[in-house]
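*Asks:* Once you've had a glance at the structure underneath, I'll fire off some questions.
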Amino acid sequence: MTATGTGYDARFRIWRGDAEGGELRDFTVEVHEGEVVLDIVHRLQATQAADLAVRWNCKAGKCGSCSAEINGRPRLMCMTRMSTFSREETITITPLRAFPVVRDLVTDVSFNYTKAREVPAFVPPQGLAPGEYRMQQVDVDRSQEFRKCIECFLCQDTCHVVRDHEENKAAFAGPRFLMRVAELDMHPLDAAESEGLDRKRTAQEEHGLGYCNITKCCTEVCPEGIKITDNALIPLKERAVDRKYDPLVWLGSKISRRRD
Amino acid sequence: MAQVDRQQWDVVVVGAGGAGLRAAIEARERGARTAVICKSLFGKAHTVMAEGGIAASMGNVNSADNWQVHFRDTMRGGKFLNQWRMAELHAKEAPDRVWELETWGALFDRTPDGKISQRNFGGHEYPRLAHVGDRTGLELIRTLQQKIVQLQQQDFKESGDHEARLKIFQECTVTRVLKDGDKVAGVFCYERESGRFFVLEAPAVVLATGGIGKSFKTTSNSWEYTGDGHALALLAGAPLLNMEFIQFHPTGMVWPPSVKGILVTESVRGDGGVLRNSEGKRFMFDYVPSVFKEKYAETEEEGDRWYEDQEHNRRPPELLPRDEVARAINSEVKAGRGSPHGGVFLDVSSRLPAEVIKRKLPSMYHQFKELADVDITAEPMEVGPTCHYVMGGIAVDSDTAATVGVPGLFAAGEVAGGMHGSNRLGGNSLSDLLVFGRRAGWHAAEHAAAHAATADRPAVDQAQVDAAAAEALAPFHAEDGAENPYTLHQELQQSMNDLVGIIRREGEMQQALGRLRALRVRAARAGVEGHRQFNPGWHLALDLRNMLLVSECVAKAALERTESRGGHTREDCPSMEREWRPVNLVCHPVDPVPADPAADRIRLVRRRTEPIRPDLLALFEKEELVKYLAEEELYE
Ligand SMILES: Cc1cc2nc3c(=O)[nH]c(=O)nc-3n(C[C@H](O)[C@H](O)[C@H](O)COP(=O)(O)OP(=O)(O)OC[C@H]3O[C@@H](n4cnc5c(N)ncnc54)[C@H](O)[C@@H]3O)c2cc1C
Ligand code: SF4
Ligand code: SF4
Ligand code: FES
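Chains as they are written, first to last, in full-length UniProt numbering: chain A, 1 to 260; chain B, 1 to 636.
Structure, rendered in C-alpha cells:
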C-alpha cells in the first residue's frame, strides 16, 4: 500500500462520536517522511473518513486550534511529528478531556471564552496620548512572554483543578487566564489601580488562584514553552500573599511600619 | 420552505482577522449593533500567522521617515498600479492605527528610548515595521480580541448582556450575501458545529474574509483561504480588480513535503540573513532590475555595512521586493543551482550569534527545529517560493471601502483590491487591515444609521433564503457517481500551481481555463457522506464553488495582461510595459448566471485607472516616473 520508499503503514485509534457517546475506532494509514499527526488525520479525511471532525487552521503551531490528546498527552496535532513514535506503536488520539465533546476530536471550548471575559481589560493610563507611551524592553519582557500564548487551551485541559472536576470550573479561571491577570498586573502602564482595581487581589478572590497548588503540569504541556507556573502563577501568589493573605507577612508589615 | 432562524443587526462583519475585528470595533464605537461572523474560533483567524510586523512611518528608529516616503515605497513596490488614494490614506494613517493598539494593551518590542521598535523589511527605505519578535500577527489579533472583550464588558455593565451590541458568531460560514433589489439585506450562514442554517439581516455588510491561497498547492495560507469573500462579492454583483496579481513569497519551507509552503519570515533577511545557491554564491546581486539599480548595494561588503550604517550604504539585494526575489530563486533552481530539495539556501547561522537568532526569530527557530530537524543557528535553511497573498480583490472606493454597485456592501483587508497594486510590500498588509478595517467599519455604521428606520431597512425575502439553503444542501443529494470534494480540491490546486503559478505562459493558462471548466462540471456533482454536524467534507464541497470562481478570475486576468509586472510574470511577455500601467482588469459576474456549469462565469473588462494626483506625482523624480508611466500620462 505504501507509495514511496520512506513510507509505512501506521496504526491509529481515533475517538469518534458526539455528546451522546462514542468509541475508539481503528485505522491503518500511510505515513511519509517528515509528517505530523495532523497530516495523518487529513489523509484519513481524504481517503477513509470524509466526515472526521477536527479543528485546525495554521498547521504551523501558531493558532492553537488543533489541540487534542495523543496517547493521553495534551498536544498540538500539527506540531507532533510522526517520527516521535515507533513504527510499531498504535497511536491513540482523543479529544481534550476537560471540555465537552462536540464531535470526534472537536470539543466545546466556550469555558475559556467565558473566563476571558471575566478578566477586566487593560486600563490605559490617564494623560498619555497615543504615541506617547514609553516603556523599556526589560519592563515589558515578562508580559511579552505571557502574550506568546496561542490559546491552545492545553494548559486548561491538563490542570487537575478542572480536568476531572466540573464543579471547580465556576470558581477557577485556569492557568491561561490567571496568567492573563499576571500579564496585566506586570504591564508597566496598566492603570487598573487608579480605578480601584487590585489585580493581585482579584486573582485570589475572583479567579481562584488559591486552587492552584503549583504542580506545574500546565507549564509542561505549553507548546510555547511559557513558564506559566514559575513566572506567572507563583509571583502572583507571592504578591497576593504579600498584600494581606499571609498573616505573617501582614504582621511583619505592621511591625516594620511601627518601627519607622 | 426552509425554517431558518433570523436575527437583526445594524452591521454584519464577515471575518474576524485584523480587518474584520478593526471594522467591528469601529462600527460598535460609532453606535452600530454589530455582529462578527467567522469560520474559525475567535482569535484564530489567519492574521494570527503574520510574523514580521506592521509598516507605519512612525520614525522611531530613523527620524527621516514620514508618510511621503512610505507612500513612495508602496507605489514602487506595487509598480505604480496601486489605487493611489488608498496608498496615500494608508501611509498617512498607519502610525495612528499602531499607536492606538498600545492604548488597547499591545506590547511591541521597544527601542532603547522606550518607543516602539521598528525593523527593516524588503522595499521599505527605512526601518519601519513595528513588531513583536516574529509573532506580530498574534499580538495584533490578541489586542483586537481583547479590545472587543473590553467593549463587551462595558456593555455587560450597562445592560447585563455581553453580546447586546457586539457579538461574535464563531465557527460559522457565510455562503451568500442576501439582497433586497440592488441593496444588501444580510447574509446566509451555517453553523459548522451543528450544520444549522441562519440568517443575519443587516443593511450593511463588511467582507473581511482574507485571501485565496488554498487554490494553490504550495501555499503559506491556511484552510480558511478559499476566496469566500471574493466569491460572495461576485455572486452579489460586485466586481473584482486585478486578480492576476498573486504574491509568491520567496521564502517558504521546501522540506519535508508535509510542511512545504509554510512561511519563513522576511525578517530573517531583514535581520541579516542571506540567500545562497548551491555554489555558495549570494546570487541576488545578479538580479537587481534596472528600475532599482541605484538603490541597492553592488558588493557584499557594502550590503553588509548597511546593517550598521544606513546613511552611507545601500541595502543588500536580498531585500528587494518579494516578486524580484521569488523570480530570482526560481531562476537559480531552474539553472540547476538549487538546494537538495529544490530550493535555495537561506543562511542566518553564519551571520548572527545563536542567542541573537533565538531572541529575534524565536518562532522560526522553533518551526525549523520542530518540523524539519534543522537548527537555524547552526546551519542554513532551504527555502523556495510559496503562494502567499493576493493583491487583487474586491474593487472598493478608497475613502469608504464601499464596493462598486452594491449599496451596503463594504470590503477591507486582503479581500479588497487596489491598495497594493501589482505587488505588496511586507508589513503593508497588517497596516492595511487596520487603516481600511477602521474605514469600512465607520462607513458601514453610517450606512446602517441612514437605513435604520424600519421603512428603509432592506428586507430579506424567503425565496432567497430557500435558494441559499438548497444550494448548501446539494452535496448531500448528489446522484450516483458523486465526486469526492477532496479529490477535486487536489486537482484544482495542482492545476493552478502548474499552470497559473509563479511563471506564466499563454498556452498553459488556456489549458488551465479548460481544466477549470471540467472541474466546474464535476464539482456540480460533488457529494458527501454523513450528516451536517461538523462535517469537513461538506464544508469543502461548499468552498469549491468559491475557489473555482476565484481561480477563473485569476486565470482569465493573467491571460489578458500581456506584460510582466509585480506578482504577474509572463515568460512570453517578460517586460513591464508602460502602456499597461494605467489599465485595471475588472472581473464581473456573468449575469444571469448560466445554467450550464461548463459556461464561463466571469466577464473581463479593461478599465482605465484614475490619473494620479499631481501633488503625489510630485513626490517622485521625473526620471523615475519615466520608467513607469505611460507616454500619455507623462503629459497629463
Ligand atoms: C504566514 C504569513 C505571514 C504573514 N506575515 C505578515 C507580516 O509580517 N506583515 C504583514 O503585513 N502581513 C503579513 N501576512 C499577510 C497578512 O497576515 C494577511 O494578509 C492578513 O492577516 C489578512 O487579514 P484579513 O483581516 O484580511 O483576513 P484574515 O485574518 O485571514 O481573516 C479572515 C477571516 O474571515 C473569515 N472568513 C473567511 N471566509 C468566511 C466565510 N465564508 N464566512 C465567515 N467567515 C469567513 C475567517 O474565518 C477569518 O476570520 C502574512 C501572511 C501569512 C500567511
Ligand atoms: S500549576 Fe496550578 S494552574 Fe498549573 S496545572 Fe498545576 S494546579 Fe493547575
Ligand atoms: S499558556 Fe501555553 S498551553 Fe496555555 S493556552 Fe497559552 S499557549 Fe496554550
Ligand atoms: S493548526 Fe494552528 S496550532 Fe495546529
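Where is the CB? At the ideal position from N, CA and C, for every residue including glycine. All values derive from a computational prediction rather than experimental measurement.
1) Have a look at Ala-19 of chain B and Phe-216 of chain B and give me their C-alpha separation to the nearest angstrom.
2) Can you check DSSP and say which residues form a bridge with Ser-67 of chain A?
3) Are the Cβ atoms of Gly-393 of chain B and Ala-416 of chain B separated by less than 7 Å?
4) What residues in the stretch 256 to 269 of chain B bring their beta carbon closer than 9 Å to a beta carbon of chain A?
5) Under the assumption that Ala-468 of chain B contacts Arg-176 of chain B (Cβ atoms under 8 Å), give the Cβ distance between them as a whole number of angstroms.
6) Compare the Cα-Cα distances from Glu-308 of chain B to each of B:Gly-270, B:Phe-292, B:Gly-336, B:Phe-345 and report the closest residue.
7) If contact means a Cβ-Cβ distance below 8 Å, which residues of the stretch 29 to 41 of chain A contact chain B?
8) Run the proximity test for Glu-224 of chain A: is its beta-carbon closer than 6 Å to any non-hydrogen atom belonging to ligand 5?
9) Who are the near neighbours of Ser-495 of chain B in its chain, counting only those whose CB is closer than 6 Å to its CB and skipping five residues on each side?
10) Counting only runs that start and end within the stretch 427 to 507 of chain B, where is the alpha helix (DSSP H) found for 4 or more residues in a row?
11) Would the C-beta of Val-41 of chain A count as close to ligand 2, meaning under 6 Å from any of its heavy atoms?
12) Along the alpha helix (DSSP H) that carries residue 268 of chain A, what are the first and last residues, could you check?
13) Should Asp-228 of chain B be counted as a contact of ligand 1 given a C-beta to heavy atom distance under 6 Å?
14) Can you grab the Cα-Cα spacing for the pair Glu-301 of chain B / Phe-285 of chain B, in whole Å?
15) Could you please give me the residues that DSSP links to Leu-275 of chain B through a beta bridge?
16) Can you find a C-beta in chain A that's less than 7 Å from the C-beta of Phe-245 of chain B?
17) Taking the Cβ atom as the reference point for each residue, do Met-186 of chain A and Arg-142 of chain A lie within a distance shorter than 7 Å?
18) List, from N- to C-terminal side, the alpha helix (DSSP H) runs of 4 residues or more that fit wholly inside the stretch 46 to 106 of chain B.
19) Quickly, what does DSSP pair Ile-246 of chain B with across the bridge? List them, please.
20) For Arg-587 of chain B and Gln-310 of chain B, what's the separation of their Cα atoms in angstroms?
21) Taking only runs of the beta strand (DSSP E) that begin and end inside the stretch 144 to 185 of chain B, which ones reach a length of at least 3 residues, in chain order?
22) From Ala-354 of chain B to Arg-134 of chain A, what does the alpha carbon distance come to, in whole angstroms?
23) Could I get the ranges of all uninterrupted alpha helix (DSSP H) runs contained in the stretch 93 to 178 of chain A, with 4 residues as the minimum, in chain order?
24) With the cut-off set at 7 Å, would you say Thr-107 of chain A and Pro-95 of chain A are in Cβ contact?
25) Who are the near neighbours of Leu-81 of chain B in its chain, counting only those whose CB is closer than 6 Å to its CB and skipping five residues on each side?
26) Are the CB atoms of Ser-363 of chain B and Arg-85 of chain B within a distance shorter than 7 Å?
27) Closest to Glu-282 of chain B by CA distance: which of B:Val-344, B:Ser-551, B:Gly-227 is it?
28) Which residue comes first and which comes last in the beta strand (DSSP E) that contains Asn-584 of chain B?
29) Return the CA-CA distance between Glu-220 of chain A and Glu-193 of chain A, expressed in angstroms with no decimal places.
30) Kindly indicate which three-state DSSP category Val-264 of chain B falls into: helix, strand or coil?
31) Within 8 Å, do at least three Cβ pairs link the stretch 481 to 490 of chain B to the stretch 520 to 530 of chain B?
32) In terms of residue numbering, what span does the alpha helix (DSSP H) encompassing Phe-368 of chain B cover?
33) If you draw a straight line from the C-alpha of Ala-24 of chain B to the C-alpha of Glu-163 of chain B, how long is it?
34) The beta strand (DSSP E) that contains Asp-323 of chain B, what's its start and end?
35) From the DSSP output, in three-state form, read off Arg-128 of chain B for me.
36) Quick one: what does DSSP say Val-404 of chain B is sitting in, helix, strand or coil?
*Replies:* By the coordinates alone:
1) Residue numbering aside, residue 19 of chain B sits at position 19 when the second sequence is read from its first letter. Residue numbering aside, residue 216 of chain B sits at position 216 when the second sequence is read from its first letter. The straight-line gap from Cα to Cα measures roughly 23 Å.
2) Start at 1 with the first residue of the first sequence, and residue 67 of chain A comes out as number 67. In the DSSP output, where bridge partners are listed per residue, Ser-67 of chain A has A:Leu-76.
3) One-based indexing of the second sequence puts residue 393 of chain B at position 393. One-based indexing of the second sequence puts residue 416 of chain B at position 416. Cβ atoms of Gly-393 of chain B and Ala-416 of chain B: closer than 7 Å.
4) Pro-256, Pro-257, Ser-258, Val-259, Ile-262, Leu-263
5) Your numbering for residue 468 of chain B matches position 468 in the second sequence. Your numbering for residue 176 of chain B matches position 176 in the second sequence. With 8 Å as the limit, Ala-468 of chain B and Arg-176 of chain B qualify as a contact, their Cβ atoms being about 4 Å apart.
6) For the purposes of this step, residue 308 of chain B is taken as the residue at position 308 of the second sequence. It is B:Gly-270.
7) Of all residues in the stretch 29 to 41 of chain A, only His-32, Glu-33, Gly-34, Glu-35, Val-36, Asp-39 place a beta-carbon less than 8 Å from a beta-carbon of chain B.
8) As for ligand 5, it is missing from this structure, which binds only ligand 1, ligand 2, ligand 3 and ligand 4.
9) Residue 495 of chain B sits at position 495 when you count from the first residue of the second sequence. Once the five neighbours on either side are set aside, the close Cβ partners of Ser-495 of chain B are Ala-512, Arg-515.
10) 428 to 450, 462 to 473, 485 to 499
11) Translated into the one-based positions of the first sequence, residue 41 of chain A becomes position 41. Not so, every heavy atom of ligand 2 lies at least 6 Å from the Cβ.
12) Absent from the structure is residue 268 of chain A, since the part of chain A shown begins at 1 and ends at 260.
13) If you number the second sequence from 1, residue 228 of chain B lands on position 228. For ligand 1, at least one heavy atom lies less than 6 Å from the Cβ of Asp-228 of chain B.
14) Looking up residue 301 of chain B in the second sequence gives position 301. Looking up residue 285 of chain B in the second sequence gives position 285. One C-alpha to the other measures close to 12 Å.
15) Counting from 1 along the second sequence, the entry for residue 275 of chain B is found at position 275. DSSP, once it has assigned bridges, lists B:Leu-346 as partnering Leu-275 of chain B.
16) Position 245 of the second sequence, counted from the start, is the residue given in the question as residue 245 of chain B. It does not; no Cβ of chain A falls within 7 Å.
17) Here the question's residue 186 of chain A lines up with position 186 in the first sequence. Here the question's residue 142 of chain A lines up with position 142 in the first sequence. Contact flag set, yes.
18) 67 to 77, 84 to 103
19) Start at 1 with the first residue of the second sequence, and residue 246 of chain B comes out as number 246. Looking at the DSSP assignment, Ile-246 of chain B forms a beta bridge with B:Val-390.
20) Mapped onto the second sequence, residue 587 of chain B falls at position 587. Mapped onto the second sequence, residue 310 of chain B falls at position 310. Just to set this straight, residue 587 of chain B is Cys in the shown sequence, not Arg. Between Cys-587 of chain B and Gln-310 of chain B, the C-alpha separation is close to 43 Å.
21) 166 to 169, 172 to 180
22) In the second sequence, residue 354 of chain B corresponds to position 354, counting from 1. In the first sequence, residue 134 of chain A corresponds to position 134, counting from 1. Each residue's Cα considered, the two are about 29 Å apart.
23) Those alpha helix (DSSP H) runs which fall completely within the stretch 93 to 178 of chain A and span 4+ residues are 110 to 118, 137 to 147, 154 to 158, 160 to 163.
24) Position 107 of the first sequence, counting from 1, holds the residue named residue 107 of chain A. Position 95 of the first sequence, counting from 1, holds the residue named residue 95 of chain A. Yes, these two residues count as a Cβ contact at 7 Å.
25) Against the second sequence, residue 81 of chain B aligns to sequence position 81. Gly-421, Ser-422.
26) By 1-based counting over the second sequence, the position of residue 85 of chain B is 85. By 1-based counting over the second sequence, the position of residue 363 of chain B is 363. Taking 7 Å as the Cβ cut-off, Arg-85 of chain B and Ser-363 of chain B do not qualify as a contacting pair.
27) Against the second sequence, residue 282 of chain B aligns to sequence position 282. Here residue 282 of chain B is Arg; the residue named in the question, Glu, does not match the sequence. Ranking B:Val-344, B:Ser-551, B:Gly-227 by Cα distance to Arg-282 of chain B puts B:Val-344 first.
28) By one-based count along the second sequence, residue 584 of chain B stands at place 584. Where Asn-584 of chain B is concerned, the enclosing beta strand (DSSP E) stretches over 583 to 589.
29) Residue numbering aside, residue 220 of chain A sits at position 220 when the first sequence is read from its first letter. Residue numbering aside, residue 193 of chain A sits at position 193 when the first sequence is read from its first letter. The straight-line gap from Cα to Cα measures roughly 33 Å.
30) Start at 1 with the first residue of the second sequence, and residue 264 of chain B comes out as number 264. In this structure, Val-264 of chain B counts as coil in the three-state DSSP scheme.
31) These segments touch.
32) Position 368 of the second sequence, counted from the start, is the residue given in the question as residue 368 of chain B. It spans 362 to 372 - the alpha helix (DSSP H) in which Phe-368 of chain B sits, taken as one unbroken run.
33) The residue you call residue 24 of chain B lines up with position 24 of the second sequence. The residue you call residue 163 of chain B lines up with position 163 of the second sequence. Rounded to the nearest angstrom, the two C-alpha atoms are 13 Å apart.
34) Taking the first residue of the second sequence as position 1, residue 323 of chain B is located at position 323. Asp-323 of chain B -> not in any beta strand (DSSP E); alpha helix (DSSP H) instead, spanning 322 to 334.
35) Within the second sequence, the letter at position 128 stands for residue 128 of chain B. Arg-128 of chain B falls in the coil class under three-state DSSP.
36) Counted from its first residue, the second sequence places residue 404 of chain B at position 404. The answer is coil: DSSP assigns Val-404 of chain B none of H, G, I, E or B.
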